[in-house]
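S.K.: One structure, as structure tokens, below. Some questions next.
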Amino acid sequence: MTQGETQDATLRRAIAAATTAVADRRDVSVTFANDPPSLQGTRVQIPNPPRNPSAADLGQLRGAADSFAVRLRHHDPKVHAECSPLGAEARAAFDACEQARVEGLGARSMAGLAGNLDPWMTRELTQRSEEHTSELQSH
């Protein structure tokens, strides 16, 4: 923490620096907002950290940032588009496999990254499972 910098600013700076380093790209921008995490081009958006983040909160922030960073590092959008199947379900499966591939590559080459991705993936899978269950129940 630099002199006069708040703990929140230090956390944001550290997450942004780690995301850029993991992505291995200088054109990455990391922003924080009151919105869900997202990746648009080279713009990574991470939720604002809570005022007093718990270890679980930090795991979610780092996991989201690392997930997007390894995608930027290992994913080739052109090849992905050329190889993508046409059907919606097949495309969803193909996209999920690609995300697993890039996260696996990142976790394999950076041991600490695997620990960051685990809570993030658990949350994502739980949320998607709940959404899918709700869809099935509404039909």
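Residue 72 is where the sequence shown starts when you use this note's numbering, and the numbers rise one by one after that.
Glycine residues also receive a C-beta, built at the ideal position from the N, C-alpha and C atoms.
1. Hey, quick one: how far does the alpha helix (DSSP H) through R172 stretch, first residue to last?
2. Could you tell me if N187 is buried or exposed, where buried requires 16 or more neighbouring beta carbons within 10 angstroms of its beta carbon?
3. So is T77 buried or exposed if we call it buried at 16+ other beta carbons inside 10 Å?
4. If you run the structure through DSSP and keep just helix, strand and coil, what is T102?
5. By Cβ distance, which residues of its chain are closer than 8 Å to R97, with the 5 residues on each side in sequence left out?
6. Where does S209 fall in DSSP's three states?
7. Whose C-alpha, out of G177, P118, T197, T102, is nearest the C-alpha of G112?
M.R.: Result, derived from the coordinates:
1. 159-180
2. buried
3. exposed
4. strand
5. T91
6. helix
7. T102
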